[in-house]
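Following: one structure in structure tokens, then a few remarks.
Protein chains: 2
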Amino acid sequence: MPHDPAFQPHDHSRCRDSVMASARRIAEGEGLRLTPIRLRVLEILAESHRPLGAYDVLERLAEEGHPRQPPLAYRALDFLCANGLAHRINRLNAFTACRAPGQVHVPSFLICRACGRVAEAAAPAVARAVERLAGDEGFVPDPVGVEALGLCPLCATGEAGEAGAPEAAAEGRA
Amino acid sequence: MPHDPAFQPHDHSRCRDSVMASARRIAEGEGLRLTPIRLRVLEILAESHRPLGAYDVLERLAEEGHPRQPPLAYRALDFLCANGLAHRINRLNAFTACRAPGQVHVPSFLICRACGRVAEAAAPAVARAVERLAGDEGFVPDPVGVEALGLCPLCATGEAGEAGAPEAAAEGRA
DNA sequence: AAGATTCACGATATGATATAACATGTCAAC
DNA sequence: GTTGACATGTTATATCATATCGTGAATCTT
Numbered sequence: 292m293p294h295d296p297a298f299q300p301h302d303h304s305r306c307r308d309s310v311m312a313s314a315r316r317i318a319e320g321e322g323l324r325l326t327p328i329r330l331r332v333l334e335i336l337a338e339s340h341r342p343l344g345a346y347d348v349l350e351r352l353a354e355e356g357h358p359r360q361p362p363l364a365y366r367a368l369d370f371l372c373a374n375g376l377a378h379r380i381n382r383l384n385a386f387t388a389c390r391a392p393g394q395v396h397v398p399s400f401l402i403c404r405a406c407g408r409v410a411e412a413a414a415p416a417v418a419r420a421v422e423r424l425a426g427d428e429g430f431v432p433d434p435v436g437v438e439a440l441g442l443c444p445l446c447a448t449g450e451a452g453e454a455g456a457p458e459a460a461a462e463g464r465a
Numbered sequence: 292m293p294h295d296p297a298f299q300p301h302d303h304s305r306c307r308d309s310v311m312a313s314a315r316r317i318a319e320g321e322g323l324r325l326t327p328i329r330l331r332v333l334e335i336l337a338e339s340h341r342p343l344g345a346y347d348v349l350e351r352l353a354e355e356g357h358p359r360q361p362p363l364a365y366r367a368l369d370f371l372c373a374n375g376l377a378h379r380i381n382r383l384n385a386f387t388a389c390r391a392p393g394q395v396h397v398p399s400f401l402i403c404r405a406c407g408r409v410a411e412a413a414a415p416a417v418a419r420a421v422e423r424l425a426g427d428e429g430f431v432p433d434p435v436g437v438e439a440l441g442l443c444p445l446c447a448t449g450e451a452g453e454a455g456a457p458e459a460a461a462e463g464r465a
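Here the protein sequences come in this chain order: X and W.
If you're matching positions, the first sequence starts at 292 in our numbering and goes up one per residue.
If you're matching positions, the second sequence starts at 292 in our numbering and goes up one per residue.
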């Protein structure tokens with residue numbers, strides 16, 4: 292049972308640092324321009340295992356002295372998503388840092404509807420199942436991920452209280 | 292190769308009628324109140340194989356003399372979705388009539404990014420793959436469907452022109 | 001180094017999607 | 001015929017996203 296760190300207590304600063312290090316490495320390799328704002332936005336996303344809305348990100352930026360203008364956040368988020376450093380979760384209109392940049396290209400998400408945390412996983416079996424389904428219809432699918440709502444291990448067992456884990460209040464959108 | 296009707300030329304009035312008949316049957320069976328507005332909204336959705344935004348629906352209602360107030364559309368859409376007569380496609384912020392009400396409870400969608408048409412299919416293999424993935428994490432998923440973007444048979448082969456099928460202009464959002 | 005090019009960012013405005021809140025109407029049960 | 005449940009009317013606002021144009025900094029070219 293390889294519990295995803297997102298659903299276990301752990302040291303956030305470590306996974307944030309790991310995300311940032313990967314991002315820098317990848318940006319270097321691909322010649323991406325990781326400007327201060329883009330870096331900071333990625334860091335903001337990486338500091339939480341809960342997806343953040345564009346306006347949540349904007350709010351943080353504003354607190355740090357940036358102008359409170361939506362394009363500021365959307366541009367950075369679009370850039371990060373386009374380059375595989377972050378993902379958009381349509382179901383939530385929200386964004387999350389990619390936890391395995393450069394590796395997982397078609398992420399699936401497990402979204403806890405109680406505490407809001409999200410785990411990212413490669414799900415080749417899901418993609419295969421979709422391709423089989425699509426093939427029957429003559430449909431040619433782009434790479435497919437899935438956004439699965441449900442209960443994370445902590446909330447399912449009530450260990451952490453379903454209303455939200457201790458870190459909930461401090462960590463982004465409820 | 293059981294091509295989905297959504298991706299083949301066919302008589303829309305027939306599938307609309309079939310959807311409406313099923314809806315009435317189900318509503319009767321479950322004691323749902325299919326009011327005129329709800330019926331009309333379902334019919335509007337059923338007349339197209341392209342999903343419609345809430346404001347598209349609202350526009351049609353307005354043309355028919357209803358007030359142009361968002362809650363009018365959202366209430367009907369929410370009702371239809373809650374009772375399995377329509378589905379929301381998060382990826383598009385749009386709605387589509389359920390093509391198999393009472394049968395498919397966890398629909399997957401094949402969304403053509405060229406012509407905008409959407410086919411609905413049961414995809415138990417997808418759900419199983421997600422459940423397996425989730426199980427590894429101790430995550431308990433709600434029933435899962437997938438919203439797969441790609442090219443439908445017509446657009447993939449260029450048979451119908453990728454800019455949109457003949458019916459495109461007449462039928463809802465581009 | 002000067003000029004050209006590219007692209008990130010600043011700034012304003014607006015568009016698109018969705019819901020809160022409260023009032024009114026309708027119908028059926030009792 | 002009153003009550004209660006629920007659908008709808010109405011106003012206002014919240015939330016999410018993009019168009020557009022100007023400015024400035026970095027890089028490229030010569």
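All C-beta atoms, glycine included, are put in the ideal place defined by N, C-alpha and C.
- For a cut-off of 8 Å, the C-beta gap from A414 (chain X) to G436 (chain X) is around 7 Å, short enough to register as a contact.
- Bridge partners of P362 (chain W) according to DSSP: none are assigned.
- Taken in chain order, the members of the segment 414 to 429 of chain X whose beta-carbon sits within less than 8 Å of a beta-carbon on chain W are A414, A416, V417, R419, A420, V421, R423, L424, A425, D427, E428, G429.
- CA-CA distance, V332 (chain W) to D433 (chain W), rounds to 27 Å.
- By the C-beta criterion, the segment 382 to 389 of chain W is judged to be in contact with the segment 326 to 342 of chain W, since at least 3 inter-stretch pairs fall below 8 Å.
- Within the segment 430 to 445 of chain W, the residues whose Cβ lies closer than 7 Å to some Cβ of chain X are F430, V431, P432, D433, V435, V437, A439, L440, G441, L442, C443, P444, listed in chain order.
- Close CB contacts of R307 (chain W) within its chain, under the 6 Å cut and outside five residues either way in sequence, are with A337, E338 (chain order).
- Annotated three-state conformation of P300 (chain W) is coil, per DSSP.
- Within chain W, the C-beta atoms nearer than 7 Å to that of R382 (chain X) come from N381, in chain order.
- The alpha helix (DSSP H) runs of length 4 or more contained entirely in the segment 335 to 414 of chain W are, from start to end of the chain, 345 to 354, 361 to 373.
- Distance from the Cα of R423 (chain W) is smallest, within the candidate group X:E321, X:L401, X:V348, for X:L401.
- The straight-line gap separating the alpha-carbon atoms of V397 (chain X) and V395 (chain W) is approximately 26 Å.
- In the structure shown, P434 (chain W) adopts coil according to DSSP, grouped into three states.
- For a Cβ distance threshold of 8 Å, residue set V421, L424 of chain W lies close to S399 (chain X), ordered along the chain.
- The shortest C-alpha to C-alpha distance from R404 (chain W) to any of W:I380, W:A420, W:L440, W:G393 is the one to W:L440.
- Interface residue (Cβ-Cβ distance to chain W less than 8 Å): A410 (chain X) is classified as such.
- Counting C-beta atoms within 10 angstroms of its own C-beta, P361 (chain X) has fewer than 16 neighbours from the protein chains shown and is therefore classed as exposed.
- Beta-carbon to beta-carbon, A388 (chain W) and A377 (chain W) are separated by about 5 Å, close enough to satisfy the 8 Å threshold.
- In this structure R419 (chain X) does not touch A297 (chain X) by the C-beta definition: roughly 24 Å separates them, more than the 8 Å allowed.
- Under the DSSP definition of a beta bridge, A314 (chain W) lacks any partner.
- Against D295 (chain W), the close residues of chain X are E428, in the order they occur along the chain (beta-carbon pairs closer than 7 Å).
- Counting every other CB atom within 10 Å of its CB across the protein chains shown gives S304 (chain X) a total below 16, marking it as exposed.
- Counting every other CB atom within 10 Å of its CB across the protein chains shown gives G429 (chain W) a total of 16 or more, marking it as buried.
- When CB distances to chain W are screened at a threshold of 8 Å, the residues of the segment 295 to 320 of chain X falling below it are D295, F298, in chain order.
- Using beta-carbon distances, A447 (chain X) counts as an interface residue toward chain W, with a partner under 8 Å.
- Around the C-beta of R329 (chain W), 16 or more other C-beta atoms lie within 10 Å, and the residue is accordingly described as buried.
- Residue nearest to G426 (chain X) within the set W:I335, W:L442, W:Y346, W:R316 is W:L442 (criterion: CA-CA distance).
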